[in-house]
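Take a look at the structure below.
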Amino acid sequence: MSAVDTVTVRDEDGTVRLDRWFKRHYPALAHARLEKLLRTGQIRVDGRRARAADRVEPGQAIRVPPLPEAPPPGMTPRVRPEDAALLRAAVLHRDEAVIVLNKPTGLAVQGGTKAERHLDAMLDALRFDAPERPRLVHRLDKDTSGVLVLARSATAAAFLTRAFREKTTEKIYWAVVVGMPKPPQGRIQLALAKGGGRGGERVHADAENGRDAVTYYSVVESAGDRASWLALMPVTGRTHQLRAHCAAIGTPILGDGKYGGAAAHLAIGAAAHRLHLHARALAIPHPAGGTLRVTAPLPPHMARLWEFLGFGEDAPDPFAALERLA
Numbered sequence: 468m469s470a471v472d473t474v475t476v477r478d479e480d481g482t483v484r485l486d487r488w489f490k491r492h493y494p495a496l497a498h499a500r501l502e503k504l505l506r507t508g509q510i511r512v513d514g515r516r517a518r519a520a521d522r523v524e525p526g527q528a529i530r531v532p533p534l535p536e537a538p539p540p541g542m543t544p545r546v547r548p549e550d551a552a553l554l555r556a557a558v559l560h561r562d563e564a565v566i567v568l569n570k571p572t573g574l575a576v577q578g579g580t581k582a583e584r585h586l587d588a589m590l591d592a593l594r595f596d597a598p599e600r601p602r603l604v605h606r607l608d609k610d611t612s613g614v615l616v617l618a619r620s621a622t623a624a625a626f627l628t629r630a631f632r633e634k635t636t637e638k639i640y641w642a643v644v645v646g647m648p649k650p651p652q653g654r655i656q657l658a659l660a661k662g663g664g665r666g667g668e669r670v671h672a673d674a675e676n677g678r679d680a681v682t683y684y685s686v687v688e689s690a691g692d693r694a695s696w697l698a699l700m701p702v703t704g705r706t707h708q709l710r711a712h713c714a715a716i717g718t719p720i721l722g723d724g725k726y727g728g729a730a731a732h733l734a735i736g737a738a739a740h741r742l743h744l745h746a747r748a749l750a751i752p753h754p755a756g757g758t759l760r761v762t763a764p765l766p767p768h769m770a771r772l773w774e775f776l777g778f779g780e781d782a783p784d785p786f787a788a789l790e791r792l793a
């Protein structure tokens, strides 16, 4: 155990969430313990109380109470060979500044009280020839698959984080929903607030206190009135935005019992109980200039449903319709 200390955020840390900073430097610290230390004010940033989601920047001073030590310099947590192989096989793009993954379904991006196995703990497997491990700059839900961007340096992380924050990215998701949206193309604008469901794990519509959330959607193909393949383009990036928005218009995402209830578990295909939401494509400014565009193949359970329903990934491009709506 260490003594009370004041640690300055280093340049190589970049701008990062406080909980991620602790996970990086104190990997033995459990997430629940971190939350308690924050609630009781034992951890402070520049002398002030802080929350796990607060962002810290180089030069800020973090008060660190006695904690389990980080590994000695040069030692990193061991990544299981099967996890390392899984991540390396998921790489869609790699250059000097950026790595892009096709994140597998069921893999949490960050640790938490319910996620002991998570991507953030495996990033050393994606170091390759770089002097440091890659950094997370955005996230996907555990059960959402698809395009996930990693930065290979502090400079790239700052650039990419700013791109997501300033909404200079374009993200396209594919989903199968129960039913057929009416109209088949449209814009959903519904403010969302956290705090619904057991343990506050859901978001809910709240016009007065919620944060503005906007999603464009377009039906690509349908299986009669039972199910539809949607292309979704979120303008904002709220927690569970696409799941809540699809449920709000009466067409919950297949397998999404959290927002769609029993109606989301339509008896169709062999894996209807699994969430059918995939981050299909991303266009983002590249730190070296220009625009990086990446497309992720469907995960196995969605590919099987596409085949079962007779959908084809070579269907007419839905993105043009979404751009016209925008």
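Residue 524 in this note's numbering is what sits at position 57 of the sequence shown, and the numbering runs on without skipping anything. Backbone N, C-alpha and C define an ideal beta-carbon position, used for all residues, glycine too.
Query	Result
Rounded separation between Ser620 and Lys649 - CA only	45 Å
Spatial distance of Thr507 from Lys490 (CA atoms)	19 Å
Reduced DSSP category for Arg484 - H, G, I as helix; E, B as strand; rest coil	strand
Among Gly724, Ile751, Pro752, nearest to Leu744 - alpha-carbon criterion	Gly724
Inter-residue Cα distance where the pair is Ala763 and Thr636	16 Å
Assigned secondary structure, His472 (DSSP; H/G/I helix, E/B strand, else coil)	Just to set this straight, residue 472 is Asp in the shown sequence, not His. Strand at Asp472.
Local Cβ density within 10 Å of Thr475, reported as buried at 16 or more and exposed below that	exposed
Sub-7 Å separation of Pro754 and Ala623 beta-carbons	yes
Cβ-Cβ separation, Leu607 to Leu617 (assumed contact under 8 Å), whole Å	In fact, because the Cβ distance is near 12 Å, the residues do not count as touching under 8 Å.
Phe778, buried or exposed, once every other Cβ within 10 Å from all chains shown has been counted against 16	buried
Option nearest Ile655 by Cα separation, candidates Ala528, Gly717, Asp472, Pro532	Gly717
Delimiting residues of the beta strand (DSSP E) encompassing His671	669-672
Of the residues Leu721, His740, His560, the one placed nearest Ile751, counting alpha carbons only	His560
Pairwise C-alpha distance: Asp521 and Asp480	14 Å
Cut-off 7 Å between Cβ atoms - residues of its own chain near Ala630, not counting five sequence neighbours on either side	Thr636, Ile751, Pro752
Inter-residue spacing [alpha-carbon to alpha-carbon] between Ala660 and Asp610	21 Å
Residue from Ala625, Glu549, Ala519 with nearest C-alpha to Ala564	Ala625
Distance between beta carbons of Leu505 and His517, contact taken as under 8 Å	Checking the displayed sequence, the identity of residue 517 turns out to be Ala instead of His. Yes, Ala517 and Leu505 are in contact; Cβ-Cβ is about 6 Å, under 8 Å.
Contact between the stretch 669-682 and the stretch 727-734 (3+ Cβ pairs under 8 Å)	no
Helix, strand or coil at Tyr493 [DSSP, three-state]	coil
Meets three-Cβ-pair contact criterion under 8 Å: the stretch 764-773 and the stretch 564-576	yes
His745 - partner residues in DSSP beta bridges	Ser612, Trp641
Cβ pair count under 8 Å reaching 3, the stretch 706-721 against the stretch 583-590	no
Exposed unless 16 or more other CB atoms sit within 10 angstroms - verdict on Ser701	The question names Ser, but residue 701 is Pro in the sequence shown. With 16 or more Cβ atoms within 10 Å of its Cβ, Pro701 is classed as buried.
Cβ neighbour criterion (16 or more within 10 Å) applied to Lys634	exposed
Exposed unless 16 or more other CB atoms sit within 10 angstroms - verdict on Asp486	buried
Bridge partners - Ile566, DSSP secondary structure assignment	Arg561, Leu617
Residue interval of the alpha helix (DSSP H) (run including Met647)	No alpha helix (DSSP H) holds Met647; DSSP gives it neither H nor E.
Collapsed DSSP secondary structure at Glu774 in the structure displayed	helix
Straight-line gap, Thr473 to His498 (C-alpha atoms, nearest Å)	20 Å
Nearest-angstrom Cα separation, counted from His605 out to Glu688	30 Å
Endpoints, beta strand (DSSP E) assigned at Glu688	681-690
Backbone CA spacing between Val643 and Ala552 [nearest angstrom]	29 Å
6 Å CB neighbourhood of Ala597 in its chain, flanking five on each side removed	Arg619
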